[in-house]
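Here the structure is laid out as structure tokens; the discussion comes afterwards.
There are 2 protein chains.
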Amino acid sequence: MRIQDFFPIWSKLAPTTQEKIQYYTNKTTIKQGTVLCDGGKECSGLVLVCAGQLRAYILSEDGREITVSRMFEHDICLLCASCVMPNIQFDIIIKAEKDTEAWVIPPWIFKSLQEESVVFSNYMNDLMAMNFSETMWVMEQILWKSFDKRLAEFLIEESVIEGTTNLTITHEKIANHLGTAREVVTRMLKHFQTDELIILKRGTIEIINSEKIINIYIKRMQ
Amino acid sequence: MRIQDFFPIWSKLAPTTQEKIQYYTNKTTIKQGTVLCDGGKECSGLVLVCAGQLRAYILSEDGREITVSRMFEHDICLLCASCVMPNIQFDIIIKAEKDTEAWVIPPWIFKSLQEESVVFSNYMNDLMAMNFSETMWVMEQILWKSFDKRLAEFLIEESVIEGTTNLTITHEKIANHLGTAREVVTRMLKHFQTDELIILKRGTIEIINSEKIINIYIKRMQ
Numbered sequence: 001m002r003i004q005d006f007f008p009i010w011s012k013l014a015p016t017t018q019e020k021i022q023y024y025t026n027k028t029t030i031k032q033g034t035v036l037c038d039g040g041k042e043c044s045g046l047v048l049v050c051a052g053q054l055r056a057y058i059l060s061e062d063g064r065e066i067t068v069s070r071m072f073e074h075d076i077c078l079l080c081a082s083c084v085m086p087n088i089q090f091d092i093i094i095k096a097e098k099d100t101e102a103w104v105i106p107p108w109i110f111k112s113l114q115e116e117s118v119v120f121s122n123y124m125n126d127l128m129a130m131n132f133s134e135t136m137w138v139m140e141q142i143l144w145k146s147f148d149k150r151l152a153e154f155l156i157e158e159s160v161i162e163g164t165t166n167l168t169i170t171h172e173k174i175a176n177h178l179g180t181a182r183e184v185v186t187r188m189l190k191h192f193q194t195d196e197l198i199i200l201k202r203g204t205i206e207i208i209n210s211e212k213i214i215n216i217y218i219k220r221m222q
Numbered sequence: 223m224r225i226q227d228f229f230p231i232w233s234k235l236a237p238t239t240q241e242k243i244q245y246y247t248n249k250t251t252i253k254q255g256t257v258l259c260d261g262g263k264e265c266s267g268l269v270l271v272c273a274g275q276l277r278a279y280i281l282s283e284d285g286r287e288i289t290v291s292r293m294f295e296h297d298i299c300l301l302c303a304s305c306v307m308p309n310i311q312f313d314i315i316i317k318a319e320k321d322t323e324a325w326v327i328p329p330w331i332f333k334s335l336q337e338e339s340v341v342f343s344n345y346m347n348d349l350m351a352m353n354f355s356e357t358m359w360v361m362e363q364i365l366w367k368s369f370d371k372r373l374a375e376f377l378i379e380e381s382v383i384e385g386t387t388n389l390t391i392t393h394e395k396i397a398n399h400l401g402t403a404r405e406v407v408t409r410m411l412k413h414f415q416t417d418e419l420i421i422l423k424r425g426t427i428e429i430i431n432s433e434k435i436i437n438i439y440i441k442r443m444q
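The following block contains the structure:
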């Protein structure tokens, strides 16, 4: 697993830039639960995910969360370097949701790469635009889509990510992903259970009719 | 009004880049109501606002709007060039809210400047981060703040922008800024009137106690 395999623009970088990245970049194991970036004051640098899972979320003053983005293998976490981007003026928290293997370009190297390489700078621009688009998507979901659809979509997404229809996730955690209260999630899940879409057990949610969930809540809205 | 007066990084650009910008940039008058960018398929280019007012907003399928950003003198509209940024994957509409004077760098020149100048590219990165931060702010408002506070804030902001406490604006227009229905705005405005904060007249809203609005709805939430 070489860094070049996780950096799409590698071949376009100047040899000196490539060498600099190789010299200063560390392959790291990030334990589940580790905070990589907490509100922009401290951060890890540019994180290239080789394996595992990261989650970026915002937090209200009273502790409510909402997931802005989730990152997997071959994703690059630009906001993990937000402490060296003074114009990122929001506090975003990035946490490892699973044990994660990653290449990490330290913040000060990230900054110098951005100043010396137009290819690197433009690629960071692309990544920023992608992050921006993702956030806009989340905002549009919150604004225009009803909660039942968002929850249905989350359950299907989660079952694809985990590769199982038996989800081990608390209602609290789902509420934190979707920016709502636990009670709201529980109420809607019970409604899904009555409709025979899922079965609720202690600590798990079993999807018993994903086809019906997709037909009712996901396909219809397009 | 020279273009360099509206381009903060002008002195850092290479002379050839400065010449290119001066050669290809047009000073334009944009009539109130003109759409500068509509969903990313067509766009104006990079717009440097000399005077006037622009508004960037998103639109739901059923026609509901929400304002993401408003731009004034000395602001630069990066999203006005979104048609040449393939990673901006959301549809944003940018419209002149008032007659606007602006320098416009055409999309293809914008693209070539980004490829040739690391200074230009990094500055676009800064602008993108600023836009991203603004959107995140809007999202946080929607998520965590109650509607009465958002409306109070909008009225005060609008009175600062227009330089008057007598606002000529329809309830429909306010609803479009804040991403809600007209009825919701009307109901809350009537509530503000009962509390003797404003007086509602045909087509206008008169703020009669802005101090009280700020004390009750704006200061308290910080």
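Chains as they are written, first to last, in our numbering: chain A, 1 to 222; chain B, 223 to 444.
The beta-carbon is built from N, C-alpha and C at its ideal position, and this holds for glycine as well.
Cα-Cα separation between residue i and residue j, rounded to whole angstroms
i: residue 317 of chain B; j: residue 45 of chain A; result: 37 Å
i: residue 427 of chain B; j: residue 171 of chain A; result: 44 Å
i: residue 99 of chain A; j: residue 121 of chain A; result: 29 Å
i: residue 150 of chain A; j: residue 235 of chain B; result: 46 Å
i: residue 347 of chain B; j: residue 441 of chain B; result: 33 Å
i: residue 106 of chain A; j: residue 24 of chain A; result: 7 Å
i: residue 232 of chain B; j: residue 35 of chain A; result: 39 Å
i: residue 229 of chain B; j: residue 390 of chain B; result: 33 Å
i: residue 276 of chain B; j: residue 319 of chain B; result: 5 Å
i: residue 299 of chain B; j: residue 261 of chain B; result: 15 Å
i: residue 374 of chain B; j: residue 424 of chain B; result: 19 Å
i: residue 226 of chain B; j: residue 295 of chain B; result: 14 Å
i: residue 147 of chain A; j: residue 376 of chain B; result: 26 Å
i: residue 444 of chain B; j: residue 404 of chain B; result: With a pLDDT of 44 at residue 444 of chain B, under the threshold of 50, the modelled position of that residue is not reliable, and no figure is offered here.
i: residue 280 of chain B; j: residue 395 of chain B; result: 14 Å
i: residue 421 of chain B; j: residue 414 of chain B; result: 8 Å
i: residue 282 of chain B; j: residue 438 of chain B; result: 32 Å
i: residue 408 of chain B; j: residue 330 of chain B; result: 45 Å
Within 7 Å, strictly: CB atoms of residue i and residue j
i: residue 306 of chain B; j: residue 248 of chain B; result: no
i: residue 411 of chain B; j: residue 435 of chain B; result: no
i: residue 290 of chain B; j: residue 278 of chain B; result: yes
i: residue 49 of chain A; j: residue 102 of chain A; result: yes
i: residue 365 of chain B; j: residue 179 of chain A; result: yes
i: residue 136 of chain A; j: residue 312 of chain B; result: yes
Boundaries of the alpha helix (DSSP H) in which residue i is found, first to last residue
i: residue 84 of chain A; result: Neither: residue 84 of chain A is in no alpha helix (DSSP H) and is coded neither H nor E.
i: residue 133 of chain A; result: 118-144
i: residue 323 of chain B; result: Unbroken run through residue 323 of chain B is the beta strand (DSSP E), 322-327; no alpha helix (DSSP H).
i: residue 377 of chain B; result: 369-384
i: residue 301 of chain B; result: From DSSP, residue 301 of chain B is part of no alpha helix (DSSP H); its letter is neither H nor E.
i: residue 416 of chain B; result: 404-416
Delimiting residues of the beta strand (DSSP E) encompassing residue i
i: residue 175 of chain A; result: Premise fails: residue 175 of chain A lies in the alpha helix (DSSP H), 171-178, not in any beta strand (DSSP E).
i: residue 206 of chain A; result: 204-207
i: residue 291 of chain B; result: 287-293
beta-carbon residue i near the ligand SAH non-hydrogen atom, thresh 6 Å
i: residue 180 of chain A; result: For the structure depicted, the ligand SAH is absent and the ligand set is empty, with no information on it obtainable.
What are the residues in the stretch 124-137 of chain A lying within 9 Å of chain B by C-beta distance? 124, 125, 126, 127, 128, 129, 130, 131, 132, 133, 134, 135, 136 and 137
Decide yes or no for the touch test of the stretch 125-132 of chain A against the stretch 340-357 of chain B: beta carbon pairs closer than 8 Å, at least 3 of them. yes
Contact between the stretch 236-246 of chain B and the stretch 329-336 of chain B is defined here as three or more beta-carbon pairs at a separation below 8 Å; is this criterion met? Taking 8 Å as the limit for Cβ pairs, the verdict is that the stretch 329-336 of chain B does touch the stretch 236-246 of chain B.
Please list the residues of the stretch 107-118 of chain A that have a C-beta atom closer than 8 Å to any C-beta atom in chain B, keeping them in chain order. 114, 115, 116, 117 and 118
Quick one, which residues of the stretch 55-79 of chain A are near chain B if we go by CB-CB under 9 Å, in chain order? 58, 60, 61, 62, 64, 66 and 68
Tell me which residues of the stretch 407-433 of chain B have at least one Cβ-Cβ distance to chain A shorter than 7 Å, keeping chain order. none
What residues in the stretch 359-381 of chain B bring their beta carbon closer than 8 Å to a beta carbon of chain A? 359, 360, 361, 362, 364, 365 and 366
Give, in chain order, every residue of the stretch 304-322 of chain B whose Cβ lies closer than 7 Å to some Cβ of chain A. 307, 309, 310, 311 and 312
In the stretch 165-181 of chain A, which residues sit with their C-beta less than 7 Å from some C-beta in chain B, listed in chain order? 179
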